[in-house]
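Read through the structure below, which is laid out as structure tokens, and then see the notes.
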Amino acid sequence: MALALLAGLSVCSQLAMAATPQEILAASDAIRNPDFPFGLTNTLVEYRKGKETDASTLAIYSKADPKGGQFRSLVRYLAPARDANKLILFNGKDMWFFDPSSKASIRLSPQQRLLGQASNGDVVTVNFAKDYQAVSASEEDTQDGERQNRRSIKLELNAANDSASYHRIVMWVDQSSMRPIKSRFYSESGKLLKTAYYRRYQPVFGAERPTETVIIDGLEPDWVTIMRYSDWVKREVPETWLQRDYLPRFKPE
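According to this note's numbering, the stretch in the sequence shown is residues 22 to 274, in order.
In structure tokens, the structure reads:
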């Protein structure tokens, strides 16, 4: 039994390493994201030194651009009450914030913090393989978000275009399943901005997907933001919802 298990793991390892780094990255994207339009609820909670300091709840509607493959998303604030119905639009390249009280839309940076260590670019659905080039892949043991040792493939990612939110990412994916384990995000100067752990895999749309991301600040490890995903639903996302000019007329269904 043990020999058969070891043989199976060896075959999985060989198959994984036979793939190109970019193919491995695309496979991990497919685990995080379904390949059809969908909606979900993203609940963000910020902690400082173990104490909750802020929270926000977002409704997210996403679908991939049929031309480039990158996801486009409309984000609607559900809570806190002071932010309810404010919107963020990400069209795959540009990002806009809309406040219904002022009727004004303002361009945002994906790197700008939304809450805690979660940036605007972190809350929208992203296919990393569309914005980053995986330049290398190597086998490495690493700890996951539950502090368990995992045999993984370490990917080195460089920004491939101006739409990329980060200059460089180092990502670890499970060697046998291609599930993303964790990522480290770096600035152009080489500074570690944050580390993200992908956790709590559950069946969603016929596949095991992470339903929680834990983000830890690169300089202050006791500054933590947790994003929890729930209420996944396959649904149409109208093209009008993804147009900046439509934001003042948007009404949730």
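Cβ coordinates follow ideal geometry from the N, Cα and C atoms, glycine included.
Contact check, LEU176 vs LEU46, beta carbons under 7 Å: In the sequence shown, residue 176 corresponds to position 155, counting from 1. In the sequence shown, residue 46 corresponds to position 25, counting from 1. Their beta carbons are under 7 Å apart, which means LEU176 touches LEU46 by this criterion.
Three-state class that DSSP yields for SER251 in the structure shown: As a position in the sequence shown, residue 251 is number 230, starting the count at 1. Reduced to three states, the DSSP call for SER251 is strand.
Local conformation of ASP50 per DSSP, three classes: Stepping through the sequence shown from its first residue, residue 50 is reached at position 29. Three-state DSSP puts ASP50 in a helix.
Ordered list of beta strand (DSSP E) runs contained in the segment 205-263, each at least 3 residues: 213-225, 228-238, 244-255
ILE127 burial status per 10 Å Cβ neighbour count (16 or more: buried): To locate residue 127, count along the sequence shown from 1; it is residue 106. Counting other Cβ atoms within 10 Å of its Cβ, ILE127 stays below 16 and is therefore classed as exposed.
ASN112 versus LEU99 - alpha carbon distance: As a working note, residue 112 is residue 91 in the sequence shown. As a working note, residue 99 is residue 78 in the sequence shown. Cα to Cα, ASN112 sits roughly 21 Å from LEU99.
Close Cβ partners of PRO20 (< 6 Å) along its chain, the five nearest in sequence each way excluded: Not covered by the structure: residue 20. The range shown for the chain is 22 to 274.
Rounded separation between ILE237 and ARG69 - CA only: Looking up residue 237 in the sequence shown gives position 216. Looking up residue 69 in the sequence shown gives position 48. Going from the Cα of ILE237 to the Cα of ARG69 covers about 10 Å.
Neighbourhood of VAL254 by C-beta distance below 8 Å, restricted to the same chain and skipping five residues each side: Here residue 254 refers to the residue found at position 233 when the sequence shown is read from its first residue. Take VAL254, set aside five residues on each side of it, and the residues of its chain with a beta-carbon closer than 8 Å to its own are PHE59, GLY60, LEU61, in chain order.
Burial state of ALA150 (16 or more Cβ within 10 Å): In the sequence shown, counting from the first residue as 1, residue 150 sits at position 129. Its Cβ being crowded by 16 or more others within 10 Å, ALA150 is buried.
Beta-carbon spacing of TYR218, VAL235 below 7 Å: Position 197 of the sequence shown, counting from 1, holds the residue named residue 218. Position 214 of the sequence shown, counting from 1, holds the residue named residue 235. In this structure, the beta-carbon distance from TYR218 to VAL235 falls below 7 Å.
Spatial neighbours of ALA40 in its chain, beta-carbon cut-off 6 Å, leaving aside the 5 residues before and after: Here the question's residue 40 lines up with position 19 in the sequence shown. Here the set comprises nothing.
Boundaries (first-last residue) of the beta strand (DSSP E) holding ASP266: As a first step, residue 266 must be located in the sequence shown, where it is residue number 245. No beta strand (DSSP E) holds ASP266; DSSP gives it neither H nor E.
Integer-rounded CB distance, given that ALA158 should sit under 8 Å from PRO42: Sequence index remark: in the sequence shown, residue 42 carries index 21 (1-based). Sequence index remark: in the sequence shown, residue 158 carries index 137 (1-based). Indeed they touch by this definition, with Cβ atoms about 4 Å apart.
Bridge partners - TYR20, DSSP secondary structure assignment: Residue numbering for the chain in the displayed model covers 22 to 274; residue 20 lies beyond these limits and cannot be assessed.
Closest by C-alpha distance to ARG97, when choosing among ARG53, VAL145, ILE247, ARG171: The residue given as residue 97 occupies position 76 in the sequence shown. Nearest option by C-alpha distance: VAL145.
Buried/exposed call for SER122, threshold 16 Cβ in 10 Å: For this step, residue 122 is matched to residue 101 along the sequence shown. Label assigned to SER122: exposed.
Segment limits, alpha helix (DSSP H) that includes VAL141: As a position in the sequence shown, residue 141 is number 120, starting the count at 1. The sequence shown places Asn at residue 141, rather than the Val named in the question. That run of the alpha helix (DSSP H) goes 141-144.
Three-state secondary structure assigned by DSSP to GLN132: Locating residue 132 in the sequence shown gives position 111, where the first residue counts as 1. Taken through DSSP and simplified to helix, strand or coil, GLN132 comes out as coil.
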